[in-house]
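K.L.:
Here it is as structure tokens:
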């Protein structure tokens, strides 16, 4: 279980995240929504070691991750992908994933063994297969499509065998069809891998359709949490974020 | 873009370079160079090869930083100079066997690079470049100022003793020639192995996207520091060969011009291939020799050539060769696929 307690972070006096307490049960699929500037990406950064919180705790199965470095947080089981996919342009898909596995197995400073390490190809093939990258293993990452960049970013997180996977807008910058294909993959991933998956998403149709559980952030605070129906009908959420349209549709 | 070109291998050869293949190439190259000396026993060629060996080791070590790790050091010459002085002083003052003096030089350079690197690596991008340059000027000034030890701007005087070891007499130009090319082959082999190791790929990942690398749990600081120390040690070995060749050491070895020449070599030879810096060392040495023989204005002539590479070609010669080879391979793959379809 990932439990965040009274988490706060300010930038120059402006509170990006203030006093956020949220729980994500093991194996759950949760969407985080909220208007621009609500602190969603900051929230992910605080959990994954991208930023150090000013106050609060990030508890993963009873262990506090605050104050640990990125490597320790990854080892504890937190993996993440980024809103703007972060990849390695001059490496092929296969090299990227093999490199990530090498790092995960503690060989990033191994001078003696040639790359790739023995018995890492199967694992990479498995992950690439799950995300539909199997036929692009030898393509340079720089030459991939935007959607494949996002998939590769997620694959990078997956080879580290996370117990909690944080996806920051997996469908960002995609057209409608591509969005649904991406979100289907994410859903399948959650179903087959049985990990705790938290994703940030702007498209309300997607969120209401696939996320059993939703958290709403607004101005760095938790505005609401609950099932899609509860969120749809929450007066605060409608007022602050959804507008009356979605509420009317739901009614 | 067709599917075939998308899926075509983007590397020079199918499959990854194995250690065995690299060793075979190295042994063949050493044999060929020894044969060259037999066929063409000219002292000028021998001298040229020894100098190129020293520069090639130096430039390849710089490319580990610049090309593989994306760390543009402007002060790499300091380790070349330090290596030459350290080796020369150990030989002059302690009268140890040459292999032991080389080991002491390697160890001392590693410690120096560790200390300087630990400071430089805290800075990124252009700030890293500037602070390496600052340390270089510090080392250079020390060499100039510490006259009793280094001989100041006169350089290390009195010659470096070259006592024979294991039947090898480095005072003999032929022995020195073979020693230099074997050193070159061994150093390149080790650096090649490092570049193709897990560590080598970690360097590429850090170069491409440092932030993502750290989100994979990579200790970016440690890996960069290791690269800095390794590169420094090999630069020093280049300096050792140069010190053996000129039987002395001069402040210019660790001046900023030395670092600059290293950058020129990797620019002209090519940054994207392992052998590029070696090609660059040959090209720059040839240019230096040809141009200085014909004109006093060699700086002007070299400057123009370098500008042509920097502004006109924007790539080194082996980069072009690699592109050509890749295009040919991909053409062949596309053709095969087309034939298979028809």
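Protein chains in written order, with the numbering used here: chain A, 2 to 252; chain B, 714 to 1055.
Cβ atoms here follow ideal geometry from the backbone N, Cα and C, with glycine treated the same way.
All figures in this text were calculated on a predicted structure; none of them were measured in a lab.
Is residue 729(B) buried or exposed, if buried means 16 or more other CB atoms sit within 10 Å of its CB?
P.N.:
Residue 729(B) is exposed by the Cβ-count criterion.
K.L.:
For residue 928(B), decide whether its Cβ has a neighbour in chain A, counting only Cβ atoms nearer than 8 Å.
P.N.:
Closer than 8 Å: yes.
K.L.:
Report the neighbours of residue 42(A) on chain B: residues whose CB is nearer than 9 Å to its CB, in chain order.
P.N.:
What residue 42(A) touches in chain B: nothing, since even the nearest Cβ is about 14 Å away.
K.L.:
Quick test of the definition: if touching needs 3 or more C-beta pairs under 8 Å, does the segment 944-958 of chain B touch the segment 838-858 of chain B?
P.N.:
no
K.L.:
Using a Cβ-Cβ distance under 8 Å, would residue 87(A) count as near chain B?
P.N.:
Judged by the 8 Å Cβ criterion, residue 87(A) is in contact with chain B.
K.L.:
Quick one: does residue 201(A) have its CB under 8 Å from some CB of chain B?
P.N.:
With its beta carbon at least 8 Å from every one in chain B, residue 201(A) lies outside the interface.
K.L.:
Which residue marks the beginning of the beta strand (DSSP E) containing residue 3(A), and which one marks its end?
P.N.:
3-12
K.L.:
Just list the alpha helix (DSSP H) runs in the segment 889-926 of chain B, keeping only unbroken ones of 4 residues or longer that don't cross its boundaries, in chain order.
P.N.:
911-921
K.L.:
Relative to chain A, which residues along the segment 911-939 of chain B have a C-beta separation below 7 Å, given in chain order?
P.N.:
911, 912, 913, 914, 915, 917, 918, 921, 922, 924, 925, 927, 928, 929, 930, 931, 932, 935, 936 and 939
K.L.:
How about residue 23(A) and residue 81(A): are their beta carbons less than 8 Å apart?
P.N.:
no
K.L.:
To the nearest angstrom, how far is the alpha carbon of residue 212(A) from that of residue 46(A)?
P.N.:
The alpha-carbon separation between residue 212(A) and residue 46(A) amounts to approximately 21 Å.
K.L.:
Please compile the residues from chain C whose C-beta is within a distance smaller than 7 Å of the C-beta of residue 114(A).
P.N.:
Looking at the structure shown, chain C is missing, and the protein chains on hand are A and B.
K.L.:
Can you give me the Cβ contacts of residue 920(B) inside the same chain, cut-off strictly under 7 Å, excluding the 5 residues immediately before and after it?
P.N.:
781, 782 and 783
K.L.:
Using 10 angstroms around the beta-carbon of residue 37(A), count the other beta-carbons present and answer buried if the total reaches 16, otherwise exposed.
P.N.:
Exposed is the call here.
K.L.:
Beta-carbon separation of residue 805(B) and residue 871(B) under 8 Å?
P.N.:
yes
K.L.:
Please decide whether residue 3(A) counts as near chain B, where near means a Cβ-Cβ distance under 8 Å.
P.N.:
no
K.L.:
Please report the residue range of the alpha helix (DSSP H) in which residue 214(A) lies.
P.N.:
Premise fails: residue 214(A) lies in the beta strand (DSSP E), 214-219, not in any alpha helix (DSSP H).
K.L.:
Within 10 angstroms of its Cβ, does residue 860(B) collect 16 or more other Cβ (buried), or is it exposed?
P.N.:
exposed
K.L.:
Is any beta-carbon of chain A found at less than 8 Å from that of residue 732(B)?
P.N.:
yes
K.L.:
For residue 63(A), report the span of its beta strand (DSSP E) as first-last.
P.N.:
Looking at the DSSP string, residue 63(A) is not in any beta strand (DSSP E), and its letter there is neither H nor E.
K.L.:
Identify, in the order they occur along the chain, each residue of the same chain with its Cβ nearer than 6 Å to the Cβ of residue 170(A), setting aside the five sequence neighbours on each side.
P.N.:
84 and 201
K.L.:
At the level of alpha carbons, what is the spacing between residue 28(A) and residue 86(A)?
P.N.:
25 Å
K.L.:
Can you list, in chain order, the residues of its chain with a C-beta nearer than 8 Å to that of residue 734(B)? Leave out the 5 residues immediately preceding and following it.
P.N.:
none
K.L.:
Would you decide whether residue 835(B) is buried or exposed? Buried here means 16 or more other CB atoms lie within 10 Å of its CB.
P.N.:
exposed
K.L.:
Along the beta strand (DSSP E) that carries residue 34(A), what are the first and last residues, could you check?
P.N.:
Note, residue 34(A): beta strand (DSSP E), 30-34.
K.L.:
Quick check: is any heavy atom of the ligand MN less than 7 Å from the C-beta of residue 153(A)?
P.N.:
This structure does not include the ligand MN; it has no bound ligands of any sort.
K.L.:
Might you give, ordered along the chain, the residues of its own chain that have their beta carbon closer than 6 Å to the beta carbon of residue 235(A), omitting 5 neighbours on each side?
P.N.:
225
K.L.:
Go to residue 836(B), then tell me how far its alpha helix (DSSP H) extends in each direction, as first and last residue.
P.N.:
Premise fails: residue 836(B) is in no alpha helix (DSSP H) and is neither H nor E.
K.L.:
What's the gap between the Cα of residue 1042(B) and the Cα of residue 1036(B)?
P.N.:
10 Å
K.L.:
Measuring CA to CA, which of 1032(B), 758(B), 1011(B) and 877(B) is closest to residue 808(B)?
P.N.:
Checking every option, the nearest Cα to that of residue 808(B) belongs to 877(B).
K.L.:
Measuring straight from C-alpha to C-alpha, what distance separates residue 905(B) and residue 1010(B)?
P.N.:
37 Å
K.L.:
Could you compute how far the alpha carbon of residue 99(A) sits from the alpha carbon of residue 74(A)?
P.N.:
Going by the C-alpha atoms only, they are around 20 Å apart.
K.L.:
What separation, rounded to the nearest whole angstrom, lies between the Cα atoms of residue 95(A) and residue 242(A)?
P.N.:
41 Å
K.L.:
Say whether the segment 886-906 of chain B touches the segment 757-766 of chain B, bearing in mind that this needs 3 or more beta-carbon pairs closer than 8 Å, one atom from each stretch.
P.N.:
yes
K.L.:
Determine the burial state of residue 1017(B): buried for a count of at least 16 other Cβ atoms within 10 Å of its Cβ, exposed for fewer.
P.N.:
Exposure of residue 1017(B) is indicated by the presence of fewer than 16 other C-beta atoms within 10 angstroms of its C-beta.
K.L.:
Count the other CB atoms, across all protein chains shown, that sit within 10 Å of the CB of residue 751(B); report buried if there are 16 or more and exposed otherwise.
P.N.:
exposed
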